[in-house]
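Here's the structure we're looking at; comments come further down.
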Amino acid sequence: MTKPRWDFPPESTLLSDDDYAELETIDISVVDLTADPAALGEARRRARDDTVARALRAFGSGGLGMVHVTGHGVGAEEIQRQFDVGSVFFDRVADEEKGRYVAKISEEGSWAGYKPRGYYGPQDCDENFNFYPETLVHSCIPPVARQFLHDYRRFLEHNHYVVVGKMLCILSLALGLPGDTLWRLHHRGGYDVDGTLQRPQDTPIYWKHSQDHFRFQVYNPRKDDESFFNSDKLYLRSHRDIGTITLNYSQPVAALQVLKPEGKWAWVRHKPGAIIVNLGHALEALTSSRLRAAFHRVAEPPEDQRRFRRIGIHYFVKLLPDMRIDQPLLDGPDDQFEEYRRLGGKPILYGEWERFRSKLAFRQRPARTSPERTPEDALLDLHYRMAPPTTIPAAKL
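Residue numbering for the sequence shown follows my numbering, starting at 1 and increasing by one per position.
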């Protein structure tokens with residue numbers, strides 16, 4: 001097989017500075033997860049505190065819920081390598097073979113495998129392939145991709161232990177909590193790599209941490225006779241990610257848009273070598289809206305990029321599956337599960353909530369089964385919320 005390669009087009013020249021959102025840039029290299037906070041020198045403490053303040057501006061209730069992250073330890077060559085080996089799932093696997101690895105999204109709430117193009121209807125123009133840590137084994141991926149399994153594992157391991165670890169430390173400090181608070185809601189143990197993903201590639205993986213999933217994704221250009229999700233010419237409708245944070249490796253084809261606090265959509269600028277990190281609904285709920293999840297969508301690219309396919313690398317971060325999601329960690333302006341509990345809803349573990357929402361992702365809302373309001377109605381309201389409510393006061397942090 002020839003060496004896989006993904007070539008990117010030039011950036012669009014059709015968007016002005018006013019079209020873009022002003023994202024904070026957070027340098028996470030200033031965070032040392034193993035250092036004693038009390039022993040930090042003045043310069044290091046000042047750099048860390050500045051980073052925490054930037055994160056609070058971006059992820060607090062008045063922010064975008066999205067940042068550019070630098071200093072993450074993944075070099076430009078490695079990022080290109082991941083785009084290259086990720087393209088194998090779309091360009092080197094026949095459609096018939098892809099059919100043997102289709103994810104059971106609506107059946108089981110599992111994303112492991114392919115989400116085919118058209119899965120959500122004729123407007124659905126993307127296909128993606130997803131891994132959980134325990135599916136990073138030969139039997140779960142097409143044969144042509146197995147030679148790159150080491151690349152996928154090493155990349156996931158770095159994102160989990162380094163990028164996610166540092167981001168959760170920063171967010172914990174922004175909330176006034178000890179630096180490892182949120183990490184312990186995602187990971188069983190400290191920050192040392194436990195070697196789980198270094199096992200032989202044809203043996204089972206027993207991953208005891210959060211059920212994060214790692215995705216390669218390609219959006220395909222529209223044909224003239226194909227329809228969009230609505231008149232805004234969207235590839236993917238407005239939504240908040242289900243989990244706590246999402247890592248999106250920046251690439252030059254413009255399409256990602258974020259909803260600004262004043263209710264206007266803005267394009268997200270490509271920053272070479274950066275990771276675009278957005279906050280998900282689980283962390284907003286856990287903090288009673290002290291932190292703000294990013295409503296975002298994927299639009300048709302500008303005209304000068306419209307004929308190109310758009311590849312993405314995404315890492316979706318989740319809570320530990322046995323964590324309660326309906327009981328907030330902190331008091332705040334919006335206890336999002338309050339009505340659910342008041343209506344008699346039973347405790348919900350995060351793993352259950354993740355499967356519930358995944359099965360309903362981008363599906364039509366189910367019809368009501370009772371004239372009275374039920375706990376499930378409250379859950380469905382949370383899932384199908386497509387824009388932020390306008391009645392929630394700003395959080396005081």
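Glycine included, every Cβ here is placed at the ideal spot set by N, Cα and C.
Assignment of beta-bridge partners to Q327 by DSSP yields no partner. Non-local beta-carbon contacts of L15 in its own chain, meaning distances under 8 Å to residues more than five positions away in sequence, involve A254, W267, P302 in chain order. Around A58, the same chain offers L23, E24, I26, L64, G65, M66, V67 as residues with beta carbons nearer than 8 Å, after the five sequence neighbours per side are excluded.
Unbroken alpha helix (DSSP H) stretches of 4 residues or longer found wholly inside the segment 37 to 71: 42 to 59, given in chain order.
Between G73 and H158, the C-beta spacing is below 8 Å. Excluding sequence positions up to five before and after A378, its CB lies within less than 8 Å of the CB of F337, E339, Y340, L343, G345, all in the same chain and listed in chain order. Collapsing the DSSP output to three states places H239 in a strand.
T2 carries a coil assignment under DSSP once its states are collapsed to helix, strand and coil. Counting along the chain, no beta strand (DSSP E) covers V193, and no H or E run does either.
Note: H383 is not bridge-paired with any residue in the DSSP secondary-structure output. Looking at E108, S87, N128, Y20, the one whose alpha-carbon comes closest to that of R357 is E108. DSSP links E127 through a beta bridge to V218. One alpha carbon belongs to D126, the other to N220, and they sit about 6 Å apart. Proximity of the segment 242 to 252 to the segment 139 to 157 falls short of the contact definition, fewer than three beta-carbon pairs being nearer than 8 Å. By the C-beta density criterion, S12 is buried, having at least 16 other C-beta atoms within 10 angstroms. For secondary structure counted as the beta strand (DSSP E) over 3 or more consecutive residues, the segment 232 to 314 holds these complete runs in sequence order: 234 to 239, 245 to 249, 256 to 259, 265 to 267, 275 to 279, 296 to 299.
Of the residues S210, K318, W207, I170, the one whose Cα lies closest to the Cα of R45 is I170. Pairwise C-beta distances place the segment 274 to 289 in contact with the segment 315 to 330, as three or more of them are shorter than 8 Å. For A174, the CB contacts under 6 Å within the same chain, skipping 5 residues up- and downstream, are V52, A55, L56 in chain order.
Residue V102 holds the alpha-carbon nearest to the alpha-carbon of K115 among G41, A145, V102. Between the alpha carbons of I313 and K208 lies a gap of roughly 24 Å. P333 and Y206 have their C-alpha atoms some 39 Å from each other.
Between the alpha carbons of R184 and L382 lies a distance of about 25 Å.
The beta-carbon separation of A21 and V258, rounded to 5 Å, stays under the 8 Å limit for a contact.
Scanning V164, P178, L156 for the CA closest to the CA of A38 turns up P178.
The beta carbon of V164 sits closer than 6 Å to those of V317, all from its chain and outside the five residues before and after it, given in chain order. Contact annotation, F216 with F148: C-beta distance approximately 11 Å; criterion of less than 8 Å not satisfied. Distances from the CA of W6 to each of V31, D84, G41, E78 were compared; the closest alpha carbon is that of D84. Secondary structure note for G165: its alpha helix (DSSP H) is the uninterrupted segment 165 to 174. By the C-beta density criterion, S61 is buried, having at least 16 other C-beta atoms within 10 angstroms. Within the model, the alpha-carbon separation for K104 versus L40 is close to 48 Å. Note on Q327: under 16 other CB atoms within 10 angstroms of its CB, so exposed under the neighbour-count rule. For K359, there is no enclosing beta strand (DSSP E); the residue is found in the alpha helix (DSSP H) stretching over 350 to 360.
When DSSP reads this structure, G345 sits in no beta bridge, so it has no partner.
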